[in-house]
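Protein chains in written order, with the working numbering: chain W, 1098 to 1295; chain U, 1098 to 1295. Glycine included, each C-beta is placed from N, C-alpha and C at the ideal position. The structure appears below as structure tokens.
There are 2 protein chains.
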Amino acid sequence: MTDSADRPRSDATRARLLDAATAAFAERGFHGTTTRDIAEAAGMSPAALYVHHKSKEELLYLISRSGHENTLRIITEAIESAGDPAAALRAVVRDFAAHHAQGHTGARIVNYELAALTPAHHAEIRDIRHRIQHAVRELVERGAEAGVFDVPDPSIAAVAVLSLGIDIARWYRDEGRWSPEDVAEHYAAIALRIVRAH
Amino acid sequence: MTDSADRPRSDATRARLLDAATAAFAERGFHGTTTRDIAEAAGMSPAALYVHHKSKEELLYLISRSGHENTLRIITEAIESAGDPAAALRAVVRDFAAHHAQGHTGARIVNYELAALTPAHHAEIRDIRHRIQHAVRELVERGAEAGVFDVPDPSIAAVAVLSLGIDIARWYRDEGRWSPEDVAEHYAAIALRIVRAH
DNA sequence: GTGTAATGACTAAGCGCTTGCTTATTGTGT
DNA sequence: ACACAATAAGCAAGCGCTTAGTCATTACAC
């Protein structure tokens, strides 16, 4: 071993392109962003993008996939780390909301740019989304069956709880008056009210 | 007066173009839609669009403005038609949710295509959005001050309530198992839980 | 060490195509 | 005759992506 990393410059450049693409896609959308925009923001020539990535869509796919995998992991770990359904729901909503506020740029792409993916990539991402929805719905159903939640329809309560978190990506601003932790704590309390936890 | 309408064919054609643009923008986004897409869906030549509208952006603006005006009217009328804050909030959320489920196509444009508007149009639309947010926040604050709502932070509760309704435009499907009325009734109940109305 | 070939990040130039929109012209109803 | 809806054709600009090549670094026989 000569120095520190295996592919030092290449990895850093790939990351710079991905960061530039994330910022651009979040602000103007996939179709509103040009490959020249991304390359310029990364401080490179338009052709440099194609040294590191197959296509503009591949950038979107990589961003979308890692974003979805992160979200699924956050939810899974929150559920596993808690005992009863109420504590689990509180942890899920807290972490889910904090993640969407903190990472609202990436979360905007995750939630609003699905239609620009190729059919194959779209299908793969949709599968992760189903796992996320299933985990939350199952949690609400478990609480309802155990009698610790009081919900007329667990399915629609689960949709509402997820919906609240996802929409944070749309409205959250870094310059706003609430920190990600403020939003997370308030939203966790709101979720427990929605399912009437006791 | 000769017949029925002032500009019979022109108005129908304008509406057809607006409908085609609404469907296309909702499905693929503003930048993902071409003027040729819109014209073809309306059954006309690409140039026909410019007989009736100044630009592609004008179509977006017209759709967005009428959509926002409808939403503001729905909320204002719901508040005025109800007496106490709890009945008002129930009516607001019911009508707001039903409107977003029923008209999810237009609502998608209203809520997710703001960035494609010109700065002047964007500013005009943002003003309507502020009025919508203000109306809901004021309603929640009024309920909290009157003691009929129990909320730690009326502002964030108002954001959450609006957020729930808006996000319906993202996930609602006509082929799904819930009718707009189902969603509306469930969401109205959820909103009353969020503010702990009594 | 030194000459030389191989490697791979990066770019200047540009290709084929699509974009939003315009122009010149042709219908069509009154 | 007139007004105007509608179109065929096309323009300038911009698009995603490719090609052909430069340049710095590395590999290695001698």
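Kindly indicate if chain U contains any beta-carbon less than 8 angstroms away from that of W:V1245.
Numbered from 1 along the first sequence, position 148 holds the residue referred to as residue 1245 of chain W. So no, W:V1245 is outside the interface.
Rounded to the nearest angstrom, what separates W:A1112 and W:F1246 at their Cα positions?
Working through the first sequence from its first residue, we reach residue 1112 of chain W at position 15. Working through the first sequence from its first residue, we reach residue 1246 of chain W at position 149. Cα-Cα distance, rounded: 44 angstroms.
U:Y1158, DSSP secondary structure in three states:
Within the second sequence, the letter at position 61 stands for residue 1158 of chain U. Looking at U:Y1158 - three-state DSSP - the assignment turns out to be helix.
Specify, as a first and last residue, the run of the alpha helix (DSSP H) that U:A1220 falls within.
To locate residue 1220 of chain U, count along the second sequence from 1; it is residue 123. Unbroken alpha helix (DSSP H) run through U:A1220: 1216-1243.
Can you pull the chain W residues whose beta carbon is under 8 angstroms from the beta carbon of U:V1256, in chain order?
The sequence position of residue 1256 of chain U within the second sequence is 159, counting from 1. Residues of chain W passing the Cβ test: W1268.
Does W:D1100 pass the burial test, meaning 16 or more other C-beta atoms within 10 Å, or should it be called exposed?
One-based indexing of the first sequence puts residue 1100 of chain W at position 3. At W:D1100, the pLDDT of 35 sits below 50, so the modelled position is not reliable and the matter cannot be decided from this model.
Please check if any C-beta of chain W sits within less than 8 angstroms of the C-beta of U:L1261.
As a working mapping, residue 1261 of chain U is identified with position 164 in the second sequence. Closer than 8 angstroms to some Cβ of chain W, the Cβ of U:L1261 qualifies, so yes.
To the nearest angstrom, how far is it from the Cα of W:L1236 to the Cα of U:P1251?
For the purposes of this step, residue 1236 of chain W is taken as residue 139 along the first sequence, with counting starting at 1. For the purposes of this step, residue 1251 of chain U is taken as residue 154 along the second sequence, with counting starting at 1. Distance from the CA atom of W:L1236 to the CA atom of U:P1251, rounded to whole angstroms, is 28 angstroms.
Helix, strand or coil at W:H1128 according to DSSP, with G and I counted as helix
What you label residue 1128 of chain W is simply residue 31 of the first sequence in a count that begins at 1. In the structure shown, W:H1128 sits in coil (DSSP, three-state: anything other than H, G, I, E or B).
Contact list for the region 1127-1138 of chain U against chain W, Cβ threshold 9 angstroms:
F1127, H1128, G1129, T1130
Between W:D1224 and chain U, is there a C-beta pair that is closer than 8 angstroms?
For the purposes of this step, residue 1224 of chain W is taken as residue 127 along the first sequence, with counting starting at 1. Closer than 8 angstroms: no.
Pair within 8 angstroms by beta-carbon distance, U:E1210 and U:F1127:
The residue you call residue 1210 of chain U lines up with position 113 of the second sequence. The residue you call residue 1127 of chain U lines up with position 30 of the second sequence. Yes, Cβ-Cβ distance for U:E1210 and U:F1127 is below 8 angstroms.
Quick check: the region 1268-1278 of chain U against the region 1158-1166 of chain U, are at least 3 beta-carbon pairs closer than 8 angstroms?
no
Residue interval of the alpha helix (DSSP H) (run including W:V1190):
On the first sequence, residue 1190 of chain W is found 93 positions in, with the first residue counted as 1. Taken as a continuous stretch (DSSP letters only), the alpha helix (DSSP H) holding W:V1190 covers 1182-1199.
For the alpha helix (DSSP H) containing U:D1297, list its first residue and its last residue.
Nothing in the structure corresponds to residue 1297 of chain U, since chain U is present only between 1098 and 1295.
Spatially closest choice to U:E1282 from U:G1203, U:R1205, U:H1196, by CA coordinates:
Here residue 1282 of chain U refers to the residue found at position 185 when the second sequence is read from its first residue. If we check each option's Cα against that of U:E1282, U:H1196 comes out closest.
Which of helix, strand or coil does DSSP assign to W:Y1147?
Position 50 of the first sequence, counted from the start, is the residue given in the question as residue 1147 of chain W. It is helical.
Buried or exposed for W:R1119, please, with buried defined as at least 16 other CB atoms from any protein chain shown within 10 angstroms of its CB.
Taking the first sequence and counting its residues from 1, one reaches residue 1119 of chain W at position 22. Per the sequence shown, residue 1119 of chain W should be read as Thr rather than Arg. Answer is buried; the Cβ neighbour count reaches 16.
Tell me, please, whether the CB atom of W:I1172 is closer than 8 angstroms to any CB atom in chain U?
In the first sequence, the residue the question calls residue 1172 of chain W occupies position 75. Answer no: the Cβ-Cβ gap between W:I1172 and chain U never drops below 8 angstroms.
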